[in-house]
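When we follow the numbering used here, the leftmost residue of the sequence shown carries the number 1, and every step to the right adds one.
What follows is a set of notes on a single structure, which appears directly below.
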Amino acid sequence: MIISAPWLWTTLISVFSAAHAAGSGCSELSLETMRGCMALTMQRGKLSPGCSWHNEQNGMAMISALYGICTAGAAFALFVFSVVPPLQTEHLGIINSGVWVHMLAYGMLCGFASLWLANRMVRRPVPCAVFLCMLFGIMIECVQSAFPYRSFETVDIFINCCAVLAVAVPLHFYVRRAFPVKEDAGKVGTNCRLQ
């Protein structure tokens, strides 16, 4: 699975580190330069207490941005692959595995959206992500009905919803443990995260 590939995470972290390092005075972005810039930035972070490497809010903002980018990328990829003509893979001997592709894609979308919303401190991130992903799946099917080589299929909507719910149930318990909410009895509707 691509998401568990270490090179993907290394690349994403390197891109964010290089962008931060570029703001620290480094201009070239070769691998050696990125490592040097990261070391320089970390050294500056140890010397100055206000550096973003030691600021928890900036770290959380970077993680939130990473989940936001992954969510937007997954939604964009789903949209693109939903409106392009279907791949003709029969001559290659590949059997159409549309059910598994739908389940994997919408499960990943729900996972990324839930973690992004949890990092954005939305009050109920997993139910919000479930609603948005299901709405996105219905919207995609409506868009597909406008293309002659695609069609509106209620079975796909059902599969998408099952995948979203299958990911949402365990993710709900993870988010509750990883992002605890401290309820303020004096004010209705407050959402204070524990430090």
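Positions of the beta carbon are idealized from the N, C-alpha and C atoms, including for glycine.
Remember, predicted model here, so these are calculated numbers, not experimental data.
Item	Value
Output the distance between the C-alpha atoms of A178 and C161, rounded to the nearest integer angstrom.	25 Å
In three-state terms, what does DSSP make of E141?	helix
Can you check whether the CB of F112 is closer than 8 Å to the CB of A74?	yes
Does the contact criterion of 3 or more C-beta pairs under 8 Å hold for the region 124-143 versus the region 162-177?	yes
Is it true that the region 63-73 meets the region 133-147, where meeting means three or more beta-carbon pairs spaced less than 8 Å apart?	no
Helix, strand or coil for Y106 per DSSP?	helix
Check this for me: beta carbons of W116 and Y67, under 8 Å apart or not?	yes
Work out the CA separation of P180 and A146 for me, nearest whole Å.	44 Å
State the CB to CB distance for the pair V122 and L165, rounded to an integer number of angstroms; the pair is presumed to be in contact (CB under 8 Å).	Rounded, the Cβ-Cβ distance is 19 Å, inconsistent with contact.
CA-CA distance, P85 and S151?	11 Å
Would DSSP call R177 helix, strand or coil?	helix
How many angstroms separate the CA atom of I138 from the CA atom of I157?	6 Å
Once you ignore the five residues that flank C110 on each side, which residues in its own chain have a CB closer than 7 Å to its CB?	A129, V130, C133, V164, V167, A168
V143 to V175, Cα distance in whole Å?	32 Å
Is the Cβ-Cβ distance between M103 and I159 less than 8 Å?	yes
To the nearest angstrom, how far is it from the Cα of N119 to the Cα of I69?	13 Å
Among S82, I63, S64, which one has its Cα closest to the Cα of Y149?	S82
Might you give, ordered along the chain, the residues of its own chain that have their beta carbon closer than 6 Å to the beta carbon of E153, omitting 5 neighbours on each side?	none
When you compare only the Cα positions, how much space is there between A77 and I63?	21 Å
Keeping to the same chain, check which residues put their C-beta closer than 6 Å to that of A65; ignore five residues upstream and five downstream.	none
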